[in-house]
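**Student:**
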Amino acid sequence: MLAHRTTLFKSSGTAAARVAAKAAAASGRDIIDLTAGEVWSDLAPSVRDGAIAAINRNLNRYTDTVGLLELRQALASKISAETAQPWSVDEIAVTSGAKQALFNAAMALLTPGDEVLIPAPYWSTFPAQVGIAGGTPVFIETRNSNYVPRLMDLAAAVTSKTKAIVVNTPNNPTGTIYDRGTLAGIAQLAIDQDLWIIFDECYGAFAHDPHTHQSIVSVAPGARDRTLIVNSFSKSLALTGWRIGYLAGPAPVISAVKALQSHTTSNPNVIAQHALLHFLERGDPAFQLQLRRQVTKARVLGLSILSALSLVPPPAAQGGFYFYLDLTELLRCTNRPGRKFTADDVVNLLMDAAVATVSGTAFGDPAGVRLSYGVDLELLDRGLRLLTAALNAWTRTIDCKAPAIEEG
Ligand code: PLP
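For the sequence shown, numbering that gives the first Met the number 0 assigns the number 0 to the initial residue and increments by one for each residue that follows.
And the structure:
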């Protein structure tokens with residue numbers, strides 16, 4: 000009865016994990032929820048002031064479909080500073096979060112049958128949206144290369160149907176940051192093979208020393224005319240509920256996106272647009288510094304607790320606010336004839352220990368678990384100690400030298 004396309008996607012795995020955590024908490028259990036894709040924080044003062052001022056000015060009308068001109072001007076200045084290249088308003092569309100920017104990009108770029116290269120593990124919305132737009136996701140394994148795609152693997156996956164490559168750095172879920180060499184190599188591949196680059200830098204505000212986040216457009220200016228930059232204020236300002244993101248790219252793409260958006264959501268919420276305009280005009284350095292400090296502190300605390308894990312290597316945690324645990328060795332040891340454990344089993348075991356996490360299967364990886372450290376420090380401390388104790392208690396019962404089932 001439903002359209003065929005409804006078989007191409009299911010509700011996001013991270014949202015499902017969040018719902019499971021909330022359901023367990025609602026049933027009276029004291030669950031520590033490490034599933035969230037957001038940082039716990041108060042509102043940025045500039046955002047709050049901008050929104051209140053907009054309401055007091057009685058603003059209630061549609062804006063330009065792809066956002067207020069002044070907001071696009073302010074975004075053009077921001078992106079120009081970040082990429083060291085000039086950007087103009089006709090190269091920018093304001094969207095209802097980065098998710099809509101990505102959806103617009105998929106709808107504007109893909110003809111049914113087109114293939115899109117997506118490094119795996121991946122944020123599950125990437126392949127879902129490619130599928131909705133009629134394209135085919137092609138996954139590039141990164142588990143054996145520290146969660147960064149190897150250029151030879153990307154190149155080997157290119158076919159006559161390949162239209163685009165998704166580059167998400169800092170990466171959700173793995174927490175890796177692609178270095179300049181990787182970005183330059185991907186850009187050159189895109190130029191050589193005539194591909195679009197969908198550059199999702201939503202976590203760019205959180206790059207952890209000594210790692211730095213670079214825009215692929217500044218690393219490889221020659222790839223600018225084939226790159227769509229996707230970003231939002233959801234993560235960088237802890238503003239997930241306000242739904243303001245943007246897409247920046249060649250004017251003809253933005254023009255197509257504007258037409259598409261005019262038939263879907265029209266403009267993003269006018270009050271939220273004014274709030275972000277106020278932030279961009281006034282700045283809020285103290286808030287941003289405090290947010291980065293909070294995430295850094297949580298990362299340091301978390302890495303120190305997780306270092307007590309046996310059989311699980313320290314997570315990369317180079318950027319963003321996720322620890323992505325590689326369970327390969329732990330699962331290799333625990334698997335026995337007739338009983339093969341996956342990340343889903345580990346997530347269930349952790350839920351029994353009152354810690355909610357997201358299984359790597361939500362990201363196309365049966366051997367990983369994602370933990371958010373964007374939560375309150377005291378909760379993080381308790382949650383990670385419970386997690387470490389539960390996993391270590393499990394592995395203490397295992398003789399790792401016993402014959403294990405190899406992946407096959
Ligand atoms: N891109 C990535 C990699 C994400 O992880 C997320 C949210 O989790 C988004 C985009 C969507 O962000 P927004 O809330 O701005 O739509």
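All residues carry an ideal CB built from backbone N, CA and C; glycine is no exception.
(1) So the beta strand (DSSP E) P118 belongs to, where does it begin and stop?
(2) Would you grab the beta carbon distance between T387 and L329 for me? Rounded to a whole angstrom, and I think it's under 8 Å.
(3) Considering only the beta carbon of each residue, do I164 and I196 sit closer than 8 Å?
(4) With distances taken from each beta carbon to the nearest heavy atom of the ligand PLP, which residues come in below 6 Å, in chain order?
(5) Beta carbon of A222, beta carbon of V229: below 8 Å?
(6) Taking the DSSP output, what are the residues bridged to V146?
(7) Does the beta-carbon of P118 have 16 or more other beta-carbons within 10 angstroms, so that it is buried, or is it exposed?
(8) Since G382 and I31 should fall inside the 8 Å C-beta cutoff, what is the C-beta to C-beta distance between them, to a whole number of angstroms?
(9) Going by Cα to Cα distance, which pick from W39, R47, M0 is closest to G282?
(10) If you follow the alpha helix (DSSP H) that N167 is part of, which residue opens it and which one closes it?
(11) Considering only C-alpha positions, which residue in the set F138, K162, F232, S159 is nearest to D152?
(12) Following a CB-centred definition, is S235 positioned closer than 7 Å to any heavy atom of the ligand SAH?
(13) Straight-line CA distance for V345 to R4?
(14) DSSP three-state label for A14, please.
(15) Using the three-state DSSP reduction, which class does S254 fall into: helix, strand or coil?
(16) Quick check on G318: does DSSP put it in helix, strand or coil?
(17) Let's test the definition: count the other Cβ atoms within 10 Å of the Cβ of Q260 and tell me whether it reaches 16, buried, or not, exposed.
(18) Work out the CA separation of R56 and T341 for me, nearest whole Å.
(19) Within 10 angstroms of its Cβ, does V357 collect 16 or more other Cβ (buried), or is it exposed?
(20) Based on the DSSP output, what are the partners of R338 in its beta bridges?
(21) Considering only the beta carbon of each residue, do L227 and K162 sit closer than 8 Å?
(22) Measuring straight from C-alpha to C-alpha, what distance separates P169 and V218?
(23) If you reduce the DSSP assignment to three classes, tell me which class S358 lands in.
(24) What's the gap between the Cα of I190 and the Cα of A52?
(25) From E81 to G203, what does the alpha carbon distance come to, in whole angstroms?
(26) I'd like to check one pair, P249 with Q84: are the Cβ atoms closer than 8 Å?
(27) Near F278, what residues of its chain come up, given a Cβ to Cβ distance below 8 Å and the 5 sequence neighbours on each side ignored?
(28) If you draw a straight line from the C-alpha of H207 to the C-alpha of E377, how long is it?
(29) Can you check whether the CB of G180 is closer than 8 Å to the CB of A315?
(30) Report all residues from its chain with a CB closer than 7 Å to the CB of K160; omit the five preceding and five following residues, and keep chain order.
(31) Going by the DSSP bridge assignment, what does E140 pair with across the sheet?
(32) What did DSSP end up calling F8 once you bin it into helix, strand or coil?
(33) According to the Cβ coordinates, are Y245 and A100 closer than 8 Å?
(34) From the DSSP output, in three-state form, read off S214 for me.
**Tutor:** Per the coordinate set shown:
(1) One-based indexing of the sequence shown puts residue 118 at position 119. Boundaries of the beta strand (DSSP E) around P118: 114-119.
(2) To locate residue 387, count along the sequence shown from 1; it is residue 388. To locate residue 329, count along the sequence shown from 1; it is residue 330. Actually they do not touch by this definition, with Cβ atoms about 12 Å apart.
(3) Locating residue 164 in the sequence shown gives position 165, where the first residue counts as 1. Locating residue 196 in the sequence shown gives position 197, where the first residue counts as 1. Taking 8 Å as the Cβ cut-off, I164 and I196 qualify as a contacting pair.
(4) G36, G96, A97, K98, W122, N167, N171, D199, C201, S231, S233, T239, G244
(5) By 1-based counting over the sequence shown, the position of residue 222 is 223. By 1-based counting over the sequence shown, the position of residue 229 is 230. The Cβ atoms of A222 and V229 do not sit closer than 8 Å to each other.
(6) Position 147 of the sequence shown, counted from the start, is the residue given in the question as residue 146. In the sequence on display, residue 146 carries Tyr and not Val. According to DSSP, which records beta bridges pairwise, Y146 is partnered with nothing at all.
(7) In the sequence shown, residue 118 corresponds to position 119, counting from 1. P118 should be labelled buried.
(8) Residue 382 sits at position 383 when you count from the first residue of the sequence shown. Residue 31 sits at position 32 when you count from the first residue of the sequence shown. Confirmed, about 4 Å.
(9) As a first step, residue 282 must be located in the sequence shown, where it is residue number 283. Of the candidates W39, R47, M0, the one whose C-alpha sits nearest the C-alpha of G282 is R47.
(10) Looking up residue 167 in the sequence shown gives position 168. Premise fails: N167 lies in the beta strand (DSSP E), 161-167, not in any alpha helix (DSSP H).
(11) On the sequence shown, position 153 is the one that residue 152 refers to. Out of F138, K162, F232, S159, F138 has the C-alpha closest to the C-alpha of D152.
(12) Annotation note on the ligand SAH: not contained in the displayed structure, which lists the ligand PLP as its ligands.
(13) For this step, residue 345 is matched to residue 346 along the sequence shown. For this step, residue 4 is matched to residue 5 along the sequence shown. So the alpha carbons of these two residues sit roughly 32 Å apart.
(14) Numbered from its first residue, the sequence shown carries residue 14 at position 15. Reduced to three states, the DSSP call for A14 is helix.
(15) Position 255 of the sequence shown, counted from the start, is the residue given in the question as residue 254. S254 falls in the helix class under three-state DSSP.
(16) Residue 318 sits at position 319 when you count from the first residue of the sequence shown. Residue state, collapsed to three classes: strand.
(17) Residue 260 sits at position 261 when you count from the first residue of the sequence shown. Buried, by the Cβ-count rule.
(18) As a working note, residue 341 is residue 342 in the sequence shown. As a working note, residue 56 is residue 57 in the sequence shown. So the alpha carbons of these two residues sit roughly 55 Å apart.
(19) Walking along the sequence shown from the start, residue 357 turns up at place 358. Counting Cβ neighbours within 10 Å, V357 comes out buried, since at least 16 surround it.
(20) Translated into the one-based positions of the sequence shown, residue 338 becomes position 339. DSSP, once it has assigned bridges, lists R335 as partnering R338.
(21) To locate residue 227, count along the sequence shown from 1; it is residue 228. To locate residue 162, count along the sequence shown from 1; it is residue 163. No, they are not a contact pair.
(22) The residue you call residue 169 lines up with position 170 of the sequence shown. The residue you call residue 218 lines up with position 219 of the sequence shown. One C-alpha to the other measures close to 15 Å.
(23) Position 359 of the sequence shown, counted from the first residue, corresponds to residue 358. Strand.
(24) Residue 190 sits at position 191 when you count from the first residue of the sequence shown. Residue 52 sits at position 53 when you count from the first residue of the sequence shown. Looking at the two C-alpha atoms, the distance is approximately 46 Å.
(25) On the sequence shown, position 82 is the one that residue 81 refers to. On the sequence shown, position 204 is the one that residue 203 refers to. Looking at the two C-alpha atoms, the distance is approximately 11 Å.
(26) Stepping through the sequence shown from its first residue, residue 84 is reached at position 85. Stepping through the sequence shown from its first residue, residue 249 is reached at position 250. Cβ atoms of Q84 and P249: not closer than 8 Å.
(27) Here residue 278 corresponds to residue number 279 of the sequence shown, with the count starting at 1. Same-chain partners within the cutoff: A43, S45, V46, G49, F232, L236.
(28) Here residue 207 corresponds to residue number 208 of the sequence shown, with the count starting at 1. Here residue 377 corresponds to residue number 378 of the sequence shown, with the count starting at 1. Rounded to the nearest angstrom, the two C-alpha atoms are 21 Å apart.
(29) Start at 1 with the first residue of the sequence shown, and residue 315 comes out as number 316. Start at 1 with the first residue of the sequence shown, and residue 180 comes out as number 181. No, they are not a contact pair.
(30) Reading the sequence shown from its first residue, position 161 is the one you call residue 160. Taken in chain order, the residues that qualify are G112, D113, E114.
(31) In the sequence shown, the residue the question calls residue 140 occupies position 141. For E140, which the question treats as bridged, DSSP gives the partners A119.
(32) Along the sequence shown, one-based indexing puts residue 8 at 9. Here F8 sits in coil by DSSP.
(33) The residue labelled residue 245 in the question sits at position 246 within the sequence shown. The residue labelled residue 100 in the question sits at position 101 within the sequence shown. The answer is yes: Cβ separation under 8 Å.
(34) Numbered from its first residue, the sequence shown carries residue 214 at position 215. DSSP places S214 in coil when its eight states are reduced to three.
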